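Only one structure is covered here, and it is reproduced in the block below.
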Amino acid sequence: MDAEYDVIILGTGLKECTLSGLLSVSGLKVLHMDRNSYYGADSASLTLNQKFRPGEPIPAALGASREYNVDMAPKFMMANGLLVKVLLHTDVVKARSTRSQHLTWRRSSRPSWACLRSAEQGSSSRKTHKVPASDMEALKSPLMGLFEKRRARIFFTYVQDYNPLEPKTHKSYDLNRMTMAELFKAYELKDDTQEFIGHSIALHRDDGYLAR
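So in our numbering, the last spot in the sequence shown is 1698, and the numbers never skip.
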């Protein structure tokens, strides 16, 4: 091991690894250390052997340790976001594994059209449904009625075809001045549809985005 380093970084969490990568890419010699027996800190995903303390028995009912990846904290990154670009630039991704999320499911706090229909048929239970993420999925989704499906399909098609550099895809809507609430209104989407688009697809934590 070299005796001299430009930088010593303690911990292998996401911010430490990103910082280490940025400094290394800049040409500095970095010593990166962690007191844990695994890398990743709060961003780590552990097997059962790593999760349980040394000497602590693992219940046999849980099965093989290697079958588990226990997240220390929830991790969700937008695929085209700034954080992913930084991780690619610093080569941090070589030491981490990621997986695309293929499905999103929704259980609304208020009854959807499908739930209301179930109630009319004598069932008051609220079911969990897959969130439609394309125009074709919108047509098949039980979250919306027939006419709402058509409106949602048109909206999804607009979003998929939108290109900031091609005015013909803007459909006369100026999104630099138009709020999201106004765009939803232009497509006549109902509140329940707006809710799962804004929160289940776009992942906004609150309704503040509607005014932007």
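By construction, the Cβ of each residue, glycine as well, lies at the ideal position given by its N, Cα and C atoms. Remember, it's a predicted structure, so these values are computed and weren't measured experimentally.
Count the other CB atoms within 10 Å of the CB of residue i; is the residue buried (16 or more) or exposed (fewer)?
i: H1575; result: exposed
i: R1639; result: buried
i: K1635; result: buried
i: D1557; result: exposed
i: M1630; result: buried
i: P1618; result: buried
i: A1624; result: buried
i: F1682; result: buried
i: L1651; result: exposed
With residue i and residue j assumed to form a contact (beta carbons below 8 Å), what rounded beta-carbon distance in angstroms separates them?
i: L1696; j: T1665; result: 7 Å
i: S1551; j: L1534; result: 4 Å
In the structure shown, what three-state DSSP assignment does residue i receive?
i: Q1607; result: Low confidence applies to Q1607: its pLDDT is 40, below 50, so where it sits in the model is not reliable, and the reading given next is rough at best. Reduced to three states, the DSSP call for Q1607 is coil.
i: M1558; result: coil
i: L1675; result: coil
i: K1657; result: coil
i: H1575; result: helix
i: L1447; result: Because the chain spans 1487 through 1698 in this model, residue 1447 falls outside it and cannot be assessed.
With residue i as the anchor, note down where its alpha helix (DSSP H) starts and where it stops.
i: I1640; result: L1632 to D1647
i: L1508; result: L1500 to V1511
i: L1689; result: No alpha helix (DSSP H) holds L1689; DSSP gives it neither H nor E.
Return the residue from the list the options that minimises the CA-CA distance to residue i.
i: K1501; options: A1527, D1557 and T1643; result: A1527
i: V1511; options: L1496, V1617, V1572 and S1620; result: V1572
i: E1668; options: I1687, R1698, E1681 and H1656; result: R1698
i: K1515; options: V1493, S1531, Q1536 and T1498; result: V1493
i: L1568; options: L1509, A1559 and T1504; result: T1504
Can you tell me where the beta strand (DSSP E) holding residue i begins and where it ends?
i: L1496; result: V1493 to L1496
i: H1518; result: V1516 to M1519
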